[in-house]
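Take a look at the structure set out below.
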Amino acid sequence: MILSMIQNDIARFVCVYFAVMAGFSQAIYLVKDGRVGVERLLHRVRLLLIAGFTGEVDYNDNYTDGRMNPFTQVLMFGYIMLVMILLVNLLIAMMGNTYTEVLTDSEHRWVAECANIMAAIENQCSAEQNYESRKKYAIPMITRGGMEELFLQIETSEVEVWRSQDAQDDEEKHKAVDEDIEKTVEEELVQKL
């Protein structure tokens with residue numbers, strides 16, 4: 123799950139982030155604020171990286187003394203809002219979607235393993251025992267040859283109901299065992315008296 127998140131979600135996020143960062147750094151570089159050259163462009167890229175991931179913008183160094191004109195300030199504000207709110211939420215949504223897909227896949231695997239366990243148990247019993255046991259949980263269907271056969275039907279849309287019924291059955295079994303123990307203890311106490 124973590125590997126698929128890193129390979130897919132974070133890789134896509136990094137691509138989108140670098141595209142947004144490249145666009146905003148070019149825009150800020152092109153705005154006339156008295157700084158020119160490749161070093162200044164790299165300085166703006168570094169500034170945007172720090173501002174985008176940490177939200178740390180040194181207001182005194184950048185906004186006072188006329189170093190950034192109002193349009194540059196609007197660009198910085200837009201960049202910070204876009205990265206910190208929109209892109210981070212996009213990353214969270216992509217990771218949530220990946221988590222849901224992994225969870226759904228694991229539920230399907232769980233159902234398949236239950237069916238495999240049932241098939242393995244059936245393979246250990248005789249054909250007559252299997253047929254009698256299968257009547258308890260299987261659905262009779264007529265085949266094309268006109269013969270009636272028993273088939274197992276699992277509806278994955280009812281997995282939660284199936285699990286809750288399983289849990290209720292377990293609770294009922296535990297209650298029955300507890301009641302039997304209580305009766306045995308009471309009988310032993312009565313016999314001692």
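Per this note's numbering, the sequence shown runs over residues 123 to 315. Note that the Cβ used here is the ideal one computed from N, Cα and C, for glycine as well. Bear in mind the structure is a predicted one, so any value in this text is a computation, not a measurement.
Annotation note: the region 207-264 contains the following uninterrupted beta strand (DSSP E) runs of length 3 or greater, listed N- to C-terminal: 261-264. Restricting attention to 310, 171, 241, 218, the CA atom closest to the CA of residue 198 is found in 171. Contact between the region 219-229 and the region 144-151 is absent, with fewer than three C-beta pairs closer than 8 angstroms. Sequence-distant partners of residue 135 (beyond 5 residues in either direction) whose C-beta falls short of 6 angstroms from its own C-beta, in its chain, are 213.
In chain order, 272 place their CB closer than 8 angstroms to the CB of residue 253, counting only its own chain and leaving out the 5 sequence neighbours on each side. Only residues of its own chain outside the window of five on either side were considered, and among them none has a CB closer than 8 angstroms to the CB of residue 303.
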